[in-house]
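In my numbering, the protein residues as written are 8 to 165.
Ideal Cβ positions, reconstructed from N, Cα and C, are used throughout, including at glycine.
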């Protein structure tokens, strides 16, 4: 059900799923500005790997019981305090900044668009950076920081 884009630079989404150092309280979280934290969840059918250099990669898993801890962020595209043209530029800048950081142009990461059903039954499409060729140590609890958190599963739209 997840969409996979080979031309990731065409994808700009106000919803973004992150794991690893982009999460709250960690080294690269400031890059998520001006998007706003929406919650911490588990996402099924993914595994986290830790590379020999200490990098964290999410990779698809065929095991439906595998899951990873992610944070959902949203850029408020409807913020009335910011002119529409500026909102568009901010959204594009946020996505371009993350694409550059995740090295999508060099195919280190691939962008997945994941349809999520929010608690109000609205379906939104969240962007997540996935490494299709990662190898390394499996992080068995799905949390890069080793803290098994009791967080709800994201509901993926069918």
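Where residue 57 sits in the DSSP three-state scheme: Reduced to three states, the DSSP call for residue 57 is strand.
Same chain, Cβ closer than 8 Å to residue 72, five either side skipped, listed in chain order: 51
Tell me the start and end of each unbroken beta strand (DSSP E) in the stretch 58-86 that is at least 3 residues and wholly inside, in chain order. 63-67 and 74-81
Residue 109 to residue 31 span [Cα, whole Å]: 17 Å
Taking only three categories from DSSP, how would you classify residue 108? For residue 108, the three-state secondary structure derived from DSSP is helix.
Using 8 Å as the cut-off, can you tell me whether the stretch 63-78 makes contact with the stretch 130-145, which would need three or more C-beta pairs spanning the two stretches below that distance? yes
Run the proximity test for residue 86: is its beta-carbon closer than 7 Å to any non-hydrogen atom belonging to the ligand ADP? Within the structure as shown, the ligand ADP is missing, as the structure has no ligands at all.
Measure the alpha-carbon distance for residue 86 versus residue 54 and round it to whole angstroms. 35 Å
Considering only the alpha carbon of each residue, which of 69, 27 and 39 lies closest to residue 152? 27
Work out the CA separation of residue 164 and residue 38 for me, nearest whole Å. 28 Å
Where residue 104 and residue 75 are concerned, what is the direct C-alpha to C-alpha distance, given to the nearest angstrom? 23 Å
On a CA-only basis, which of 118, 42 and 33 is nearest residue 101? Give me that one, please. Of all alpha-carbon atoms in 118, 42 and 33, the one lying nearest the alpha-carbon of residue 101 is that of 42.
Just reading off the beta strand (DSSP E) that residue 146 is part of, what are its end residues? Here residue 146 belongs to no beta strand (DSSP E), and DSSP marks it neither H nor E.
Which term fits residue 90, buried or exposed, when burial requires 16 or more other beta carbons within 10 angstroms of its beta carbon? exposed
Could you spell out where the beta strand (DSSP E) holding residue 137 opens and where it closes? Segment 130-137, the beta strand (DSSP E) holding residue 137.
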